[in-house]
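Protein chains in written order, with my numbering: chain A, 216 to 395; chain B, 13 to 245. Reading through the structure tokens given below for one structure.
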Amino acid sequence: MARISINLLPPEIMVQEIKKAKFYRIQFIGIVIVLIMIFLSSLTLALRILQNQSIAAVQATLAQEEQKISKLKGTQASLYLLKNRLSEIDQYFGKSSQQASMYKLIDKLIPTSVLINAITIDKSGGAVLLATAPDSLSLDRLLNNLITKETNEDRISQVSVETLSRSRDGFYRVSLKIKP
Amino acid sequence: MKKKTIIQFYNHYKLYIFPTAVVLSSLFLIIFAIYPQTAKLIENQKVAGEMQKKSNFLASNVIALEDVNSEDLSEKVGITLSAFPAEKDYGRILGLLQGLVVQSGFTISSVTLGNVSGKVGNASSYEVKLEVKGPKILFQGFINNLESSPRIIRVRSLDIVFVQASEILDTSVIIEVLYSPLPQTFKGDSPLPLFGQAEEELLISLSNLSKINLTASSSAAVYSQRGKVNPFE
Chain A
216 MARISINLLP PEIMVQEIKK AKFYRIQFIG IVIVLIMIFL SSLTLALRIL QNQSIAAVQA
276 TLAQEEQKIS KLKGTQASLY LLKNRLSEID QYFGKSSQQA SMYKLIDKLI PTSVLINAIT
336 IDKSGGAVLL ATAPDSLSLD RLLNNLITKE TNEDRISQVS VETLSRSRDG FYRVSLKIKP
Chain B
13 MKKKTIIQFY NHYKLYIFPT AVVLSSLFLI IFAIYPQTAK LIENQKVAGE MQKKSNFLAS
73 NVIALEDVNS EDLSEKVGIT LSAFPAEKDY GRILGLLQGL VVQSGFTISS VTLGNVSGKV
133 GNASSYEVKL EVKGPKILFQ GFINNLESSP RIIRVRSLDI VFVQASEILD TSVIIEVLYS
193 PLPQTFKGDS PLPLFGQAEE ELLISLSNLS KINLTASSSA AVYSQRGKVN PFE
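In structure tokens, the structure reads:
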């Protein structure tokens, strides 16, 4: 059976009722929003209180560790010192100086027949060599050894003959300037 | 009368007044409570995290430092400091050179201590001029002994005169003796240095060399007596 609804209220009351319902909805939403805001404010405040407590605990642990480490400062300083010395020593230990290497190289390159009178190796690694060769072949071999890249290990850039003389006994006396 | 007017005004505009009051109070809470507390919360979280990290780091440092054998450490520091001291050590270098020269089969003609300080890389240095005599065949060994001595020294220049008849060398060697000041500061909260295999090997080499040198120096001291045994002879 179909139901018939008849609104007998005057239209002004209808408008007023609609307005009222709208206001109640707004009021409800507004109260919910304010409650949410209050809840959020309380939550953040509570979280901050908890956080402050945990920070205080961490600070206490940190202070304890700092105290412990200050007691071990001597050991720590010794470790740093050891590291510093080892890294400094590592730069020089077991590494031949340019001068010593140059001497070893020249000594290796001199033919057995050639006699060395003097070797001077200066601070820049350059050398002056005074030698006596019994014949031109030995002298030739000495010069060849000094100037050839394969034999001088590419560590001699220039060899200049400063003086060269031949004595009555046939010996060659030569003064060589060697640059690294 | 006034109250009635206000009530009337509210009733008339309550659809606007209430939402405005809600918005204003919400804004007030956001601006003065929620936002600053949240910002502080995030900031403190970072600070707490850093503090926790530092605390953990210090705790691990404490454990590592407590495990260090302090006697062994001070012995190692002693070895490295005698190899590469913080300041000029004229007295020690004279003894060391005397030992090395004798050990290499040479004899000292003269020793001159240079006052000039130089720089080799990061290190400081002073010069020692050593005039020695000895067999030519042993000279390379002498140079090797100098450069692999337990004290870090470098050959700066060489002046060698060969006496052909006797196969004897008359040599003047300028040696650079290296030293370097100790680091002045270190940060307590910086990570502990790590020692690799190469550094351990270097320490062992230095330790062995200083032991060998100590033995050689004592034997040199026995064999190279100075002056007469009986001063009244």
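C-beta atoms are modelled at their ideal positions from N, C-alpha and C, and glycine is treated no differently.
Closest option to B/Pro162, judged by alpha-carbon separation, among B/Phe40, B/Arg104, B/Glu143, B/Phe174: B/Arg104. Between the segment 80 to 87 of chain B and the segment 281 to 296 of chain A there are three or more C-beta pairs closer than 8 Å, enough to call the two in contact. Only buried fits B/Arg166, as 16 or more other CB atoms lie within 10 angstroms of its CB. A/Lys235 and A/Leu262 have their alpha carbons spaced roughly 40 Å apart. Per DSSP, A/Pro226 is one residue of the alpha helix (DSSP H) stretching across 226 to 286. Taking a Cβ-Cβ threshold of 7 Å, none of the residues of chain B is close to A/Lys235; the smallest such distance is about 10 Å. Residue burial is scored here from C-beta neighbours: B/Gly146 has at least 16 other C-beta atoms within 10 angstroms and is therefore classed as buried. The closest CA to that of B/Leu215, considering only B/Ile149, B/Thr124, B/Val89, is found on B/Val89. For B/Gly107, the three-state secondary structure derived from DSSP is helix. Secondary structure of A/Gly340 (DSSP, three-state): coil. With a threshold of 16 other beta carbon atoms within 10 Å, A/Leu265 falls short and is exposed. For A/Ile336, same chain residues with a beta-carbon under 7 Å away, outside a window of 5 residues either side, are Gln314, Met317, Tyr318, Ala342 in chain order. Between the segment 134 to 153 of chain B and the segment 185 to 202 of chain B there are three or more inter-stretch CB-CB distances shorter than 8 Å, so the stretches are counted as touching. Between the beta-carbon of B/Phe174 and that of A/Ile321 there is about 12 Å, and that puts the pair past the 8 Å contact cut. Listed as beta-bridge partners of B/Leu181 by DSSP are B/Gly146, B/Phe174. The secondary-structure analysis by DSSP pairs B/Lys141 across a beta bridge with B/Thr124, B/Ile186. Taking 8 Å as the threshold, the shortest C-beta distance from A/Ser311 to chain B falls below it. A/Val249 belongs to the set of residues whose beta carbon lies under 8 Å from a beta carbon in chain B. In the structure shown, B/Glu99 falls within a coil segment according to DSSP collapsed to helix, strand and coil. For A/Ser382, same chain residues with a beta-carbon under 7 Å away, outside a window of 5 residues either side, are Arg388 in chain order. Here the segment 67 to 74 of chain B lies against the segment 277 to 291 of chain A, with 3 or more beta-carbon pairs under 8 Å apart. When the alpha-carbon of B/Ile172 is set against those of A/Gln373, A/Leu344, A/Ile219, the nearest one is in A/Leu344.
Note on geometry: alpha-carbon atoms of A/Thr378 and B/Gly130 lie some 34 Å from one another.
In this structure, DSSP gives B/Asn157 a helical state, which the three-state scheme calls helix. The beta carbons of A/Leu361 and A/Leu301 sit about 39 Å from each other, so the pair does not count as a contact at 8 Å.
As computed with DSSP, A/Tyr387 is found in a beta bridge with A/Ala348, A/Arg381.
Against B/Lys52, the close residues of chain A are Arg263, in the order they occur along the chain (beta-carbon pairs closer than 7 Å).
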